[in-house]
Amino acid sequence: MYPIIILSLAGILSMFIGAYKLKKLALPAVLVATLAAFVSNFLPQNLHDAPVYSGMLKFDSFAVNFSAVLMGITLVILILSRRYYRDNHEHLGDIYALFLFSVVGGMIMVGSYNLVMFFVGLEILSIPLYILATSERNNLLSNEAGLKYFLMGSFITVFLLLGMVLIYGMSGSFDFGAISAYLSSTPETPVLVKLGVMLIMIAFIFKISAAPFHFWAPDVYQGSPAVIMVFMSTVAKTAAFGGFLRFLTQAIAPIGDSFTPLLAVLSALTITIGNLMALNQNNLKRLLAFSSIANAGYVMLALVGLGVNSSSTVLYYMLVYSIANVITIAVYLTVKESLGSGSIDGLKGLYQSKPLLTFCLVLAMLSLAGIPPLAGFIGKYAVFVEALHNGYAWLVVLAALNSAIGIFYYFRVMRTAFQNAEEGPVTVPYVLGYSTVLVICTLVLLVLGIFPNVVLNGW
Amino acid sequence: MDQAIFYGLALIAIVGALATIFFRNAMYSVLALVVTFFAMAGLYLQLKAEFVAVVHIIVYAGAIMVLFLFVVMMLNLNSVNTIIRSNVNIKWIAVLVGVGMAGILGYGTYLTTLPARGVNSTENGTVKVLGKMLFNEYLLPFELTSVLLIATMVGVIVLTKKEE
Numbered sequence: 028m029y030p031i032i033i034l035s036l037a038g039i040l041s042m043f044i045g046a047y048k049l050k051k052l053a054l055p056a057v058l059v060a061t062l063a064a065f066v067s068n069f070l071p072q073n074l075h076d077a078p079v080y081s082g083m084l085k086f087d088s089f090a091v092n093f094s095a096v097l098m099g100i101t102l103v104i105l106i107l108s109r110r111y112y113r114d115n116h117e118h119l120g121d122i123y124a125l126f127l128f129s130v131v132g133g134m135i136m137v138g139s140y141n142l143v144m145f146f147v148g149l150e151i152l153s154i155p156l157y158i159l160a161t162s163e164r165n166n167l168l169s170n171e172a173g174l175k176y177f178l179m180g181s182f183i184t185v186f187l188l189l190g191m192v193l194i195y196g197m198s199g200s201f202d203f204g205a206i207s208a209y210l211s212s213t214p215e216t217p218v219l220v221k222l223g224v225m226l227i228m229i230a231f232i233f234k235i236s237a238a239p240f241h242f243w244a245p246d247v248y249q250g251s252p253a254v255i256m257v258f259m260s261t262v263a264k265t266a267a268f269g270g271f272l273r274f275l276t277q278a279i280a281p282i283g284d285s286f287t288p289l290l291a292v293l294s295a296l297t298i299t300i301g302n303l304m305a306l307n308q309n310n311l312k313r314l315l316a317f318s319s320i321a322n323a324g325y326v327m328l329a330l331v332g333l334g335v336n337s338s339s340t341v342l343y344y345m346l347v348y349s350i351a352n353v354i355t356i357a358v359y360l361t362v363k364e365s366l367g368s369g370s371i372d373g374l375k376g377l378y379q380s381k382p383l384l385t386f387c388l389v390l391a392m393l394s395l396a397g398i399p400p401l402a403g404f405i406g407k408y409a410v411f412v413e414a415l416h417n418g419y420a421w422l423v424v425l426a427a428l429n430s431a432i433g434i435f436y437y438f439r440v441m442r443t444a445f446q447n448a449e450e451g452p453v454t455v456p457y458v459l460g461y462s463t464v465l466v467i468c469t470l471v472l473l474v475l476g477i478f479p480n481v482v483l484n485g486w
Numbered sequence: 004m005d006q007a008i009f010y011g012l013a014l015i016a017i018v019g020a021l022a023t024i025f026f027r028n029a030m031y032s033v034l035a036l037v038v039t040f041f042a043m044a045g046l047y048l049q050l051k052a053e054f055v056a057v058v059h060i061i062v063y064a065g066a067i068m069v070l071f072l073f074v075v076m077m078l079n080l081n082s083v084n085t086i087i088r089s090n091v092n093i094k095w096i097a098v099l100v101g102v103g104m105a106g107i108l109g110y111g112t113y114l115t116t117l118p119a120r121g122v123n124s125t126e127n128g129t130v131k132v133l134g135k136m137l138f139n140e141y142l143l144p145f146e147l148t149s150v151l152l153i154a155t156m157v158g159v160i161v162l163t164k165k166e167e
């Protein structure tokens, strides 16, 4: 609960900083606030195993750990944004405020113990994202991204609400505990409740951009400003996974098994579509969008085999994936700053001029592809084991085959970085803002690969 | 009597909704939507949710419809003659999906034995009960909605303010 309060207040403070034209102060203030929220998250007083506030919020170890990851990634992205918004963006204070509010929404989602809270959290998470996606107002692509995301997102909200209402109508309560008690006391689950769960699942599948509701992702990711794009594909997705996992394990646990086959099919579809579509992309952001669709499918494997370790597996996978994503975007921004090109070919000759930068990129790509010593491999291995627990061998085989396809396009990015540029070595200067992020993220990625038990099985 | 009123209002609501879709003139569509909203407010009244009914009329039939009318007049959308979609098939797929969805939901409702109607006390749905709920049980979501509203307001300013 503390981090929610701190970040909400920090958002308002950031708006005041913007109003008084103290733009230099905006980022330090926001960073300090996020750091404070991050620390306060681990205070013993923050941890409640029982629902608090009339059963609205349950900040147990699940919520605390997910919140920590959400805030940790946000911290890194905020550092990244220092350089990105160097041209003195007019609404800097407001943009940081929207970032913080979005994280607040994510934390409400992962901590919710009531469908009303879940809904409020999802909206607080999404609405700032619609605005942030459009925040580059002079860029037509950014406008398209924002509008598309907004229209589809608000349409999907209708499904979520209808699902909630159906469940409420039958069980008579929004409370997760009460819904779960109702479901275990009725011998045969009413069809309407199942329909309600399906509708909520549609909203979830949209939010994590899994098939068949993935069509918005490539356009929105490509059009949005790079910093926002990485925020959407990491923080927002982690929050959506956390929230849905919460709903799955706390509210509808008694009937959760009947949705496993559906999740398995959707997961298979998502992995295949994401990987196949990624093969032919030239724009790095678009490639990352399809890779993010594919990765969402891998994480769904952990939901298919819902067990004791599922939460930590999902968290570990999302953390590793997010860090690799942030590294890729940091390299992309460094290169783009001097070359101005967003295509993969723009990476040509990177190795000749900047071996260290290439090293970071290679590490991120290898991790995304799931090559053994790295964290990405352990994450994939963990989700495969989860799915095998539930006897979905065909799904694991399919996912493993798809991992092989994934290697193709991840290695293509790497190979381009090692190729010689036609017009001789390009000079890409190191940029302090991006390099800081690169150093932090690379270290975290390596540590997570060597000591995965810090997150996995840790709670 | 109760049932007769319900079916009457439901019929008006459905006809209004269909008219909203089928009118070519955007102005008529908006007015048909107002009819639907009033019928819905009647249904809320029947459920003894007076506060919701009143708010529904004030907010939807009042504020939002005026906004709609403004937009229609401002953009001069009096008649929609141009075919926006180049792909006609999408329309039929949309109809198919919509009908399918309605069919599934209807069939689901038909199969389910709905829970018995709750106690119909005079207190239900009044402002008093609602206020007590809002400031006791649902205080936290109520407070957090303020974050949502502030984010929305900031968003409008970020998106529309002229750059200096």
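For the record, the sequence lines run as chains A and B. Heads up, the first sequence is in my numbering, so the first residue is 28 and it goes up one at a time. Heads up, the second sequence is in my numbering, so the first residue is 4 and it goes up one at a time. For each residue, glycine too, the CB sits at the ideal point set by N, CA and C.
CA nearest to the CA of Leu12 of chain B, picked from B:Val132, B:Thr129, B:Leu50: Residue 12 of chain B sits at position 9 when you count from the first residue of the second sequence. The shortest C-alpha separation from Leu12 of chain B is found at B:Leu50.
Residue environment, Asn139 of chain B, which counts as buried when at least 16 other CB atoms sit within 10 Å: To locate residue 139 of chain B, count along the second sequence from 1; it is residue 136. An exposed status is given to Asn139 of chain B, since fewer than 16 other beta-carbon atoms sit within 10 Å of its beta-carbon.
Entirely enclosed alpha helix (DSSP H) segments - the region 373 to 401 of chain A, minimum 4 residues: 377 to 380, 382 to 396
Given Tyr343 of chain A as reference, the closest of A:Gly148, A:Met144, A:Ala402, A:Phe231 once Cα atoms are compared: Mapped onto the first sequence, residue 343 of chain A falls at position 316. When only C-alpha atoms are compared, the closest one is A:Ala402.
Proximity below 9 Å, CB of Gly204 of chain A to CB of Gln277 of chain A: On the first sequence, residue 204 of chain A is found 177 positions in, with the first residue counted as 1. On the first sequence, residue 277 of chain A is found 250 positions in, with the first residue counted as 1. Contact: yes.
Beta-carbon spacing of Ala333 of chain A, Leu384 of chain A below 9 Å: For the purposes of this step, residue 333 of chain A is taken as the residue at position 306 of the first sequence. For the purposes of this step, residue 384 of chain A is taken as the residue at position 357 of the first sequence. A small fix is needed here, since residue 333 of chain A is Leu in this sequence, not Ala. Not in contact: Leu333 of chain A and Leu384 of chain A (Cβ atoms no closer than 9 Å).
Cβ pair Gly38 of chain A, Tyr123 of chain A closer than 9 Å: For this step, residue 38 of chain A is matched to residue 11 along the first sequence. For this step, residue 123 of chain A is matched to residue 96 along the first sequence. In contact: Gly38 of chain A and Tyr123 of chain A (Cβ atoms closer than 9 Å).
Within 7 Å of chain B by C-beta, residues of the region 127 to 148 of chain A in sequence order: Phe128, Val131, Ile135, Val143, Met144, Val147
Contacting positions in the region 151 to 166 of chain B - beta carbon closer than 8 Å to chain A: Cβ contacts with chain A come from Leu151, Ile153, Ala154, Thr155, Val157, Gly158, Ile160, Val161, Leu162, Lys164, Glu166.
Own chain, CB closer than 6 Å to Leu314 of chain A, minus 5 neighbours either side, in chain order: One-based indexing of the first sequence puts residue 314 of chain A at position 287. The residues are Ala305, Gln308.
Asn79 of chain B to Leu167 of chain A span [Cα, whole Å]: Position 76 of the second sequence holds residue 79 of chain B. Position 140 of the first sequence holds residue 167 of chain A. Approximately 24 Å, taken between the alpha carbons.
Contact check, Lys234 of chain A vs Tyr325 of chain A, beta carbons under 9 Å: Position 207 of the first sequence, counted from the first residue, corresponds to residue 234 of chain A. Position 298 of the first sequence, counted from the first residue, corresponds to residue 325 of chain A. For Lys234 of chain A and Tyr325 of chain A, no; Cβs fall outside 9 Å.
Ala426 of chain A to Ala391 of chain A span [Cα, whole Å]: As a working note, residue 426 of chain A is residue 399 in the first sequence. As a working note, residue 391 of chain A is residue 364 in the first sequence. Looking at the two C-alpha atoms, the distance is approximately 20 Å.
CB of Phe201 of chain A within 9 Å of CB of Leu142 of chain A, strictly: Here residue 201 of chain A is taken as the residue at index 174 of the first sequence, counted from 1. Here residue 142 of chain A is taken as the residue at index 115 of the first sequence, counted from 1. Cβ atoms of Phe201 of chain A and Leu142 of chain A: closer than 9 Å.
Same chain, Cβ closer than 8 Å to Lys221 of chain A, neighbours up to 5 away in sequence not counted: Residue mapping note: residue 221 of chain A aligns to position 194 of the first sequence, counting from 1. Once the five neighbours on either side are set aside, the close Cβ partners of Lys221 of chain A are Ile282, Ser285.
Closest residue to Ser341 of chain A among A:Ile300, A:Glu413, A:Leu289, A:Asp246 (Cα-Cα distance): Here residue 341 of chain A refers to the residue found at position 314 of the first sequence. The residue asked about is misnamed: residue 341 of chain A is Val in this sequence, not Ser. Here the closest residue by C-alpha is A:Glu413.
Neighbour-count burial assignment, Ala90 of chain A, 16 or more Cβ in a 10 Å radius: The residue you call residue 90 of chain A lines up with position 63 of the first sequence. Per the 10 Å Cβ criterion, buried.
N- and C-terminal bounds of the alpha helix (DSSP H) containing Ser32 of chain B: Taking the first residue of the second sequence as position 1, residue 32 of chain B is located at position 29. Note, Ser32 of chain B: alpha helix (DSSP H), 29 to 49.
Status (buried if at least 16 other CB within 10 Å, exposed otherwise) for Met134 of chain A: Indexing the first sequence from 1 puts residue 134 of chain A at position 107. Buried, by the Cβ-count rule.
Pair within 9 Å by beta-carbon distance, Arg273 of chain A and Gly120 of chain A: One-based indexing of the first sequence puts residue 273 of chain A at position 246. One-based indexing of the first sequence puts residue 120 of chain A at position 93. Taking a C-beta distance under 9 Å as the contact criterion, Arg273 of chain A and Gly120 of chain A do not qualify as a contact pair.
Where the alpha helix (DSSP H) containing Met156 of chain B begins and where it ends: Taking the first residue of the second sequence as 1, we reach residue 156 of chain B at position 153. Run containing Met156 of chain B: 142 to 163, per the alpha helix (DSSP H) assignment.
Inter-residue Cα distance where the pair is Thr155 of chain B and Ile104 of chain A: The residue you call residue 155 of chain B lines up with position 152 of the second sequence. The residue you call residue 104 of chain A lines up with position 77 of the first sequence. About 22 Å.
Exposure label - Tyr113 of chain B; buried when at least 16 CB within 10 Å: Here residue 113 of chain B corresponds to residue number 110 of the second sequence, with the count starting at 1. Per the 10 Å Cβ criterion, exposed.
Inter-stretch contact (C-beta, 8 Å, three-pair minimum) for the region 70 to 77 of chain B and the region 41 to 58 of chain B: No: the two stretches stay apart, fewer than three of their Cβ pairs being nearer than 8 Å.
Residue from A:Ile320, A:Ile298, A:Asp114, A:Thr213 with nearest C-alpha to Leu428 of chain A: Counting from one through the first sequence, the residue named residue 428 of chain A turns up at place 401. The residue with the shortest Cα to Cα distance from Leu428 of chain A is A:Ile298.
Nearest residue (CA-CA) to Phe145 of chain A, options A:Gly270, A:Leu374, A:Leu97, A:Ser108: For this step, residue 145 of chain A is matched to residue 118 along the first sequence. Comparing Cα positions, the closest option is A:Gly270.
Rounded straight-line distance, which links the Cα of Ala321 of chain A to that of Gly358 of chain A: Against the first sequence, residue 358 of chain A aligns to sequence position 331. Against the first sequence, residue 321 of chain A aligns to sequence position 294. The amino acid occupying residue 358 of chain A in the given sequence is Val; Gly does not appear at that position. Each residue's alpha carbon lies about 21 Å from the other.
Alpha-carbon spacing of Phe268 of chain A relative to Phe93 of chain A, whole angstroms: Taking the first residue of the first sequence as position 1, residue 268 of chain A is located at position 241. Taking the first residue of the first sequence as position 1, residue 93 of chain A is located at position 66. Distance between Phe268 of chain A and Phe93 of chain A, taken at the CA atoms: about 10 Å.
Within 9 Å, strictly: CB atoms of Val347 of chain A and Ile100 of chain A: Translated into positions along the first sequence, residue 347 of chain A becomes position 320. Translated into positions along the first sequence, residue 100 of chain A becomes position 73. No; because the gap between Cβ atoms is not below 9 Å, this pair is not in contact.
Limits of the unbroken alpha helix (DSSP H) element including Phe445 of chain A: By 1-based counting over the first sequence, the position of residue 445 of chain A is 418. 420 to 445 is the span of the alpha helix (DSSP H), which, as asked, contains Phe445 of chain A.
DSSP three-state assignment for Ser349 of chain A, whether helix, strand or coil: In the first sequence, counting from the first residue as 1, residue 349 of chain A sits at position 322. The DSSP-derived three-state label of Ser349 of chain A is helix.
Closer than 7 Å at the beta carbon, the chain B residues around His118 of chain A: Reading the first sequence from its first residue, position 91 is the one you call residue 118 of chain A. Result: Val161.
Contact with chain A by Met50 of chain B, beta-carbon distance below 9 Å: In the second sequence, counting from the first residue as 1, residue 50 of chain B sits at position 47. Inspection of the sequence shows that residue 50 of chain B is occupied by Leu rather than by Met. So no, Leu50 of chain B is outside the interface.
N- and C-terminal bounds of the alpha helix (DSSP H) containing Arg113 of chain A: Looking up residue 113 of chain A in the first sequence gives position 86. First-last for Arg113 of chain A: undefined, no H or E at that position.
Where Leu117 of chain B sits in the DSSP three-state scheme: Within the second sequence, the letter at position 114 stands for residue 117 of chain B. Coil, per DSSP.
Cut-off 7 Å between Cβ atoms - residues of its own chain near Gly369 of chain A, not counting five sequence neighbours on either side: In the first sequence, residue 369 of chain A corresponds to position 342, counting from 1. For Gly369 of chain A, where only same-chain residues beyond five positions count, the Cβ hits under 7 Å are Asn310, Leu311, Lys312, Lys363.
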